[in-house]
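Take the sequence shown: its letters are residues 5 to 348, numbered as in our numbering.
The structure appears right after this line, and notes come after that.
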Amino acid sequence: VAEILLDEDSFAATIRDYSKLIDLHSRANHAQDVERILGKMKEKDIAPDILTSITLVHMYSKSGNLEQATRAFDFIQKEGLQPDTKLFTSMISACINAGDPKQAERLVKKMDELSMKPSREIYMDVMRAYAERNLVDGAQSVKTKMSFAGIEPPLECFTLLIEAYGRAGNPDCAYEAFEQMRKNGHEPDDRCLAGMITALMKKNQLDQALKLLLSLEKEGVKPGVKTNLALLDWLSTLQLVQEAEQLVQKIRKVGEEPLEIHVYLADMYAKSRQEEKARKSLKILEEKKRLLKADQFERIIRGLQVGGFSEDASKYFKMMRSRGFVPSATVEAGVRGVGRLAGR
Numbered sequence: 005v006a007e008i009l010l011d012e013d014s015f016a017a018t019i020r021d022y023s024k025l026i027d028l029h030s031r032a033n034h035a036q037d038v039e040r041i042l043g044k045m046k047e048k049d050i051a052p053d054i055l056t057s058i059t060l061v062h063m064y065s066k067s068g069n070l071e072q073a074t075r076a077f078d079f080i081q082k083e084g085l086q087p088d089t090k091l092f093t094s095m096i097s098a099c100i101n102a103g104d105p106k107q108a109e110r111l112v113k114k115m116d117e118l119s120m121k122p123s124r125e126i127y128m129d130v131m132r133a134y135a136e137r138n139l140v141d142g143a144q145s146v147k148t149k150m151s152f153a154g155i156e157p158p159l160e161c162f163t164l165l166i167e168a169y170g171r172a173g174n175p176d177c178a179y180e181a182f183e184q185m186r187k188n189g190h191e192p193d194d195r196c197l198a199g200m201i202t203a204l205m206k207k208n209q210l211d212q213a214l215k216l217l218l219s220l221e222k223e224g225v226k227p228g229v230k231t232n233l234a235l236l237d238w239l240s241t242l243q244l245v246q247e248a249e250q251l252v253q254k255i256r257k258v259g260e261e262p263l264e265i266h267v268y269l270a271d272m273y274a275k276s277r278q279e280e281k282a283r284k285s286l287k288i289l290e291e292k293k294r295l296l297k298a299d300q301f302e303r304i305i306r307g308l309q310v311g312g313f314s315e316d317a318s319k320y321f322k323m324m325r326s327r328g329f330v331p332s333a334t335v336e337a338g339v340r341g342v343g344r345l346a347g348r
């Protein structure tokens, strides 16, 4: 009803009327309704005011529309209003949601320059965004700034660095972060330890990994499911079948059987041509195919190709495509190549 009234020329709607309606729709996360009202404002040459722009920053930040959020944010500053902590936080979230942690870090710096002390949560959100994209230098930079700001880095801060260095194949830097974490009084949790094992795996430093686990066990730090899964990933890749099977039993003893177990086992058994065992895991994976990720499909298909199970590889290739995943060129070439040979 309110929107119908705005269309009536006799009502003589003002910016405040539009602003109130935009605020209502924004709180309800009705972005399309807001856009429609903004369109009507434009038709009547009514420009958004500061209050409306503040609402738009928060709304666009939630929806991840960085361009529009930035436009509204810049307008607020041009009008001479200094954004408060809430506005900065929304803009930082918008940058993170849009995959731009560098811009988010710039906003954190701006907050600091304006004597608005960014919270630990803000620093961690930005650091998390860097680490998830394997931008290790950015993650390290945020950790350093957090320390300079007098905020004690939490355990997750070190875990993020360890995981990022691990994915980047840099176990030395991962271990430095691990040691620094312990100096800061944090004991490694399961996720952190799994990250360290993954880092060592990238350089195939199995002896160092086992040495680390043994030394920690002596101190009472036992590997959990995540760490054991990282180790199983490694052992199965190395085709250490007996050791991998023993580790699977250890994981099952705590009452858990993550899907990753069967991804690793299917790959390992297929490559070693242990068909009966491979099919047991493949059956479970097929039943839970909707839970499989793209990289897991790739690993299963590659294992089947290496082991000579071309029909099964083709089956999982089709399964992967049906889930909307795009297979790598290597996997696709392998499946297509076998198909061409079979057709001759």
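Note that CB positions come from ideal geometry on N, CA and C, so glycine has one too.
Quantities reported herein were computed from a predicted structural model and do not represent experimental measurements.
- The beta-carbon separation of I305 and F329, rounded to 11 Å, does not stay under the 8 Å limit for a contact.
- A direct Cα-to-Cα measurement between A168 and P192 gives close to 16 Å.
- Counting of Cβ neighbours within 10 angstroms places N232 among the buried residues, the total reaching 16 or more.
- Taking the Cα positions, M323 is about 8 Å away from K293.
- Comparing C-alpha distances from S65 to each of G228, S285, F92 shows the shortest one belongs to F92.
- By the 16-neighbour rule on beta-carbons within 10 angstroms, K222 is exposed.
- Your pair K187 and G142 does not check out as a contact, with CB atoms roughly 23 Å apart and the cut at 8 Å.
- For S97, the CB contacts under 6 Å within the same chain, skipping 5 residues up- and downstream, are S65 in chain order.
- For R171, the enclosing alpha helix (DSSP H) covers residues 159-171.
- An exposed status is given to K82, since fewer than 16 other beta-carbon atoms sit within 10 Å of its beta-carbon.
- Counting only the Cα atoms, F162 lies some 40 Å from L55.
- Around the beta-carbon of Q300, 16 or more other beta-carbon atoms lie within 10 Å, marking it buried.
- Secondary structure in the segment 310-344: no beta strand (DSSP E) run of 3 residues or longer lies completely within the stretch.
- Taking T334 as reference, the option from K319, V61, E109, R303 with the minimal CA-CA separation is R303.
- In the DSSP assignment, I155 falls outside any alpha helix (DSSP H) and carries neither an H nor an E.
- A298 and K284 have their C-alpha atoms some 21 Å from each other.
- Judged by their CB atoms, L159 and M131 are not nearer to each other than the 7 Å cut-off.
- In the displayed model, R137 falls within coil according to three-state DSSP, outside both helix and strand.
- By the 16-neighbour rule on beta-carbons within 10 angstroms, K230 is buried.
- One Cα belongs to L239, the other to E156, and the distance between them is close to 37 Å.
- Between L118 and M95, the C-beta gap is not smaller than 7 Å, which leaves the two residues out of contact.
- If you look at S97, you'll find it in the alpha helix (DSSP H) that goes 89-101.
- Sequence-distant Cβ neighbours of V146 in its own chain, meaning closer than 7 Å and more than five residues away, are E109, Y127, V130, M131, Y134.
- Beyond the five residues adjoining it in sequence on each side, N101 comes within less than 6 Å, by CB distance, of G68 in the same chain, given in chain order.
- Non-local C-beta neighbours of C177 in its own chain, meaning closer than 6 Å and more than five positions away in sequence, comprise Y169, ordered along the chain.
- Here the C-alpha atom of R277 lies approximately 9 Å from the C-alpha atom of V310.
- Around the C-beta of D88, fewer than 16 other C-beta atoms lie within 10 Å, and the residue is accordingly described as exposed.
- In terms of CA proximity to I80, T59 leads the group T59, A203, H190.
- With a cutoff of 7 Å on beta-carbon distance, M200 and I166 are scored as near each other.
- Spanning the alpha carbons of I265 and L289 requires a straight line of approximately 10 Å.
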